[in-house]
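Novice:
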Amino acid sequence: MSRLTIGVPAYNNARTLAQAVGSLLAQDHADLRVLISDDGSRDDTEAVGRALAAADDRVSYTRQPVNLRYGNFGWLLAQADTEFFMWAAGDDRWLPGFASACLAELRAHPGLVGAVSQVAFEREGRAIGLATGTAALTGTPAANLRRFFAAPGDNSRMYGVFRTAVAQRAFPARSFHAWDWGFSAATLCEGGHAEVPAVLMVRDKTPTARYVEMVREDAASRLERLLPVGAMSRWLLSLPRFPRDPAVRAALLALNLEKHLEYSARFHPGWARLARPVLGRAQARLRA
C-alpha cells in the first residue's frame with residue numbers, strides 16, 4: 203500500500219496541471235499515488251489529466267459528472283486508504299523534499315496530526331511573500347484553537363500532510379463558506395500541527411477580495427452572508443470533541459465579528475463605518 207495519497211482537486215487547470223503533478227511525482231518520497239479529480243473543467247484539463255495518468259501508473263484521473271465545488275476535496279479524501287493524505291492544488295508546485303519533510307515530523311511526533319512546510323506565494327509568476335497560515339500549533343487543543351482563530355490567515359496548513367483517519371473524521375459533511383478553516387480547526391481538536399522551517403511549497407495567490415466575494419456564492423441565506431463564518435462556527439460547536447473552553451469560544455466569536463465587518467465593509471460600507479468602533483472594541487476584549 204502506498205503510504206501517501208495526494209488528492210488534486212482540478213478545475214480549469216489545463217495550463218498548470220502538468221507542472222503541478224510533475225512536481226508531486228518528483229518528490230524524494232516515492233511511495234505515493236496521485237489522484238486527479240476533475241470537477242467538470244471546461245478547458246483542456248481532461249486531456250492533460252488523462253495524459254498524465256497514461257504516462258505514470260502512480261497517477262489516476264477521474265472526471266466528476268457534476269460540479270462538486272468544495273465536495274471535490276471530500277471526494278478525494280474519501281478515496282484515500284493510506285496512512286497519510288494531502289491535497290494539492292492544480293496550480294501550485296512543490297520542492298522535492300516537501301512530502302518527506304512533513305512525513306518525518308508526523309512519524310517523529312505521534313501527537314501531531316498534520317505537518318506543512320513554509321509556503322511562498324506567487325502572482326503571475328512573481329514572488330509576493332510568505333504564507334501566514336503555516337505556523338506551528340503544538341500546544342493543547344484549546345490553546346491551538348485560540349491561536350488559530352486569532353489569525354487563521356491564508357490557512358495554507360490545509361495543504362499539508364495529514365493522518366488520513368483524522369482528516370476523514372474532520373471533513374465537514376456539508377458545504378459552507380470557510381469550510382477549510384473548519385476542517386483545520388476540527389483536526390486541531392485531535393492534535394497539533396508542525397511547521398517545517400523551510401519553503402518547500404509555492405502557491406498561486408488568490409486576491410483577498412475574491413474571498414469576500416465568495417461569501418455571496420457560498421451563503422445559503424442573507425444571515426449567512428452577514429455572518430460569513432457563522433455556519434462554520436455552528437458546525438464546529440456541534441462536534442463532541444470541540445473544547446468547551448470559554449476562551450476558545452470567545453476567540454471564535456471574535457473571528458465572527460471580524461469577518462462580519464470585513465464583509466460589511468465591502469457590501470454595506472455605511473453600516474461598517476457605524477459598527478466598527480463598537481465591534482472592534484468587542485473583538486479586542488474577546489481576544490484579550
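For what it's worth, our numbering labels the leading residue of the sequence shown as 203, then goes sequentially. Beta carbons are placed, not taken as given, at the ideal position from N, Cα and C, and that holds for glycine. Bear in mind that the values here come from a model prediction, so they are computed numbers and not experimental data.
What are the boundary residues of the beta strand (DSSP E) that includes Y263?
Specialist: By 1-based counting over the sequence shown, the position of residue 263 is 61. Where Y263 is concerned, the enclosing beta strand (DSSP E) stretches over 261–265.
Novice: Leaving out five residues on either side along the sequence, give the residues of the same chain with a beta carbon under 7 angstroms from the beta carbon of S435.
Specialist: Start at 1 with the first residue of the sequence shown, and residue 435 comes out as number 233. Here the set comprises L454, N458.
Novice: Which residue marks the beginning of the alpha helix (DSSP H) containing T410, and which one marks its end?
Specialist: Taking the sequence shown and counting its residues from 1, one reaches residue 410 at position 208. Segment 410–420, the alpha helix (DSSP H) holding T410.
Novice: Kindly indicate which three-state DSSP category L237 falls into: helix, strand or coil?
Specialist: Stepping through the sequence shown from its first residue, residue 237 is reached at position 35. L237 falls in the strand class under three-state DSSP.
Novice: Taking 9 angstroms as the threshold (C-beta atoms), are G335 and G491 in contact?
Specialist: The chain is shown from 203 up to 490; residue 491 falls before or after that span and cannot be answered.
Novice: Please state whether DSSP places L390 in a helix, a strand or coil.
Specialist: Along the sequence shown, one-based indexing puts residue 390 at 188. In this structure, L390 counts as helix in the three-state DSSP scheme.
Novice: Can you give me the Cβ contacts of A372 inside the same chain, cut-off strictly under 7 angstroms, excluding the 5 residues immediately before and after it?
Specialist: Within the sequence shown, numbered from 1, the residue matching residue 372 stands at position 170. Cβ neighbours of A372 beyond the five flanking positions: F385, A388, T389.
Novice: Give a yes or no on whether the C-beta atoms belonging to W277 and S239 are separated by under 9 angstroms.
Specialist: Here the question's residue 277 lines up with position 75 in the sequence shown. Here the question's residue 239 lines up with position 37 in the sequence shown. Taking 9 angstroms as the Cβ cut-off, W277 and S239 qualify as a contacting pair.
Novice: Where does D382 sit, in a helix, a strand or coil, going by DSSP?
Specialist: Within the sequence shown, numbered from 1, the residue matching residue 382 stands at position 180. Correct three-state label for D382: helix.
Novice: Using a Cβ-Cβ cut-off of 8 angstroms (strictly less than) and excluding sequence neighbours within five positions of A449, which residues of its own chain qualify?
Specialist: Working through the sequence shown from its first residue, we reach residue 449 at position 247. Only A344, R348 meet the Cβ criterion.
Novice: What do you get for R365, buried or exposed, if any count of 16 or more other CB atoms within 10 angstroms of its CB means buried?
Specialist: Position 163 of the sequence shown holds residue 365. With a 10 Å radius around the Cβ and a threshold of 16 neighbouring Cβ atoms, R365 comes out buried.
Novice: Measure from the alpha carbon of V417 to the alpha carbon of each residue in P399, S440, Y465, then state which is nearest.
Specialist: By 1-based counting over the sequence shown, the position of residue 417 is 215. The shortest C-alpha separation from V417 is found at Y465.
Novice: Using a beta-carbon distance below 9 angstroms, is Q229 in contact with chain E?
Specialist: Absent from the structure is chain E; it holds one protein chain and no more.
Novice: Look up C462 in the DSSP assignment and say whether it is helix, strand or coil.
Specialist: Residue mapping note: residue 462 aligns to position 260 of the sequence shown, counting from 1. Residue identity differs from the one stated: residue 462 is His in this sequence, not Cys. Judged by DSSP in its simplified three-state form, H462 adopts helix.
Novice: With the cut-off set at 9 angstroms, would you say G299 and A396 are in Cβ contact?
Specialist: Within the sequence shown, numbered from 1, the residue matching residue 299 stands at position 97. Within the sequence shown, numbered from 1, the residue matching residue 396 stands at position 194. Going by C-beta atoms, G299 is not nearer than 9 angstroms to A396.
Novice: With C-beta atoms as the reference, is A222 less than 9 angstroms away from D283?
Specialist: Numbered from its first residue, the sequence shown carries residue 222 at position 20. Numbered from its first residue, the sequence shown carries residue 283 at position 81. Their beta carbons are not under 9 angstroms apart, which means A222 does not touch D283 by this criterion.
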